[in-house]
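Chains as they are written, first to last, in UniProt numbering: chain A, 1 to 108; chain B, 1 to 231.
Glycine included, every Cβ here is placed at the ideal spot set by N, Cα and C.
Since this is a predicted model, take the numbers as computed values, not measurements.
All remarks here apply to the structure that follows.
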């Protein structure tokens with residue numbers, strides 16, 4: 001049952017991802033602009049959605065014990081600090097992830 | 001043909017490194033979630049969307065509703081509307097490759113297609129197709145490698161799923177620095193955190209997305225006037 005559901009999830013995401021890519025080609029011709037509200041959402045929504053995704057990744061963090069939030073908090077600071085300093089995606093993600101792994105395996 | 005391929009390959013080298021690295025991370029996380037490299041191969045072949053695929057891992061085996069999954073997919077990919085707009089005319093002339101060009105228009109492929117000057121002795125169509133398909137091959141190879149690596153790894157990988165958090169933090173910072181208007185990002189944080197507190201970790205995503213879209217539309221005048229002021 002889980003197998004079928006997983007396949008269904010993948011097909012759904014594949015279809016709706018393609019839908020967002022095909023949308024401008026299917027709906028708009030040469031001189032037609034999409035409605036202003038769609039253009040506005042396409043421009044502004046990505047910034048909000050990334051913020052929600054960060055919250056989504058950290059959704060299991062809670063503040064009842066130190067070990068339930070400290071590794072995430074420190075690792076996010078490392079990623080952010082490193083990225084503001086070097087602006088290198090792979091470096092920020094790599095070092096951030098390794099330090100998180102070390103913290104939850106050895107410290108907390 | 002070889003000349004086209006060589007030109008496209010050189011152009012795609014930066015993407016090669018980025019996609020291999022992120023692809024391996026994706027394959028690894030997927031494998032850790034209990035889905036081997038065959039899953040990685042099919043997902044990277046048929047979905048081919050970086051951020052979306054990382055979020056997809058968290059959906060597998062979860063009880064997330066299909067309504068939430070669909071709304072999340074549409075929101076995460078909403079930026080694609082713009083990518084397509086730049087290529088409506090160009091892709092139409094590409095015959096059999098037309099559907100593939102639309103399917104494979106990721107952030108990285110988009111920026112390469114926008115920024116590449118085609119030499120006179122090469123055909124633009126063929127270069128475009130070569131760039132798009134090379135990029136996807138890096139992504140698929142990386143994902144499968146990650147899945148295989150996950151089976152062989154001998155050290156303790158607990159916590160490696162933080163790679164996804166790190167990826168989104170990095171994208172968040174990049175977007176923050178690229179824009180002077182931070183209201184949309186702040187609305188996202190606000191709605192995300194409030195929904196999480198109110199609805200709990202397993203049910204917050206739908207209310208978070210809906211309230212965010214609502215607030216963004218509500219503040220449209222404000223955000224747009226600031227955007228114009230920025231230019």
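#### Entry: Host alpha helix (DSSP H) of residue 182 (chain B) (start-end)
Note, residue 182 (chain B): premise wrong, no alpha helix (DSSP H); not H, not E.
### Message
Contact criterion: CB-CB distance below 8 Å. Does residue 34 (chain A) meet it with respect to chain B?
### Response
yes
### Message
Pairs of beta-carbons, one from the region 91-104 of chain A and one from the region 218-228 of chain B, closer than 8 Å: are there three or more?
### Response
no
### Message
Considering Cα atoms alone, identify which of B:122, B:136 and B:128 is closest to residue 112 (chain B).
### Response
B:128
### Task
Please confirm if residue 86 (chain A) has its CB atom under 8 Å from at least one CB of chain C.
No chain C is part of this structure, whose protein chains are labelled A and B.
### Contacts of residue 189 (chain B) in chain A (Cβ-Cβ under 9 Å)
48, 51, 52, 54 and 55
### Identity of the residue in A:12, A:103, A:2 and A:38 nearest residue 75 (chain A) by Cα
A:103
### Query
Nearest-angstrom Cα distance between residue 58 (chain B) and residue 121 (chain B)?
47 Å
#### Entry: Proximal residues of chain A, C-beta to C-beta of residue 170 (chain B) below 8 Å
79, 83, 89, 92 and 93
### Top-ranked residue by Cα proximity to residue 88 (chain B), from A:107, A:23, A:105 and A:89
A:23
### Task
Can you have a look at residue 72 (chain B) and say buried or exposed, based on whether 16 or more other CB atoms are within 10 angstroms of its CB?
buried
### Message
What residue range does the alpha helix (DSSP H) around residue 2 (chain A) cover?
### Response
2-27
### Task
Could you tell me how far apart the beta carbons of residue 61 (chain A) and residue 72 (chain A) are, in whole angstroms, since I believe they sit closer than 8 Å?
5 Å
### Message
Let me check understanding here. Comparing Cα to Cα, which of B:202, B:213, B:170 and B:44 lies closest to residue 191 (chain B)?
### Response
B:213
### Query
Below 8 Å between beta carbons: does that hold for residue 44 (chain A) and residue 194 (chain B)?
no
### Simplified DSSP state of residue 33 (chain A), which is helix, strand or coil
coil
### Task
Using beta-carbon positions only, say whether residue 168 (chain B) and residue 57 (chain A) come within less than 8 Å of one another.
yes
### Query
Comparing alpha-carbon positions, which option in B:131, B:22, B:68 and B:208 lies nearest residue 116 (chain B)?
B:131
### Identity of the residue in B:41, B:27 and B:61 nearest residue 3 (chain A) by Cα
B:61
### Message
Assuming residue 211 (chain B) is part of the alpha helix (DSSP H), what are its boundary residues?
### Response
205-218
### Message
Does the region 37-45 of chain B come into contact with the region 137-145 of chain B, if we say contact requires no fewer than three beta-carbon pairs (one atom in each stretch) closer than 8 Å?
### Response
yes
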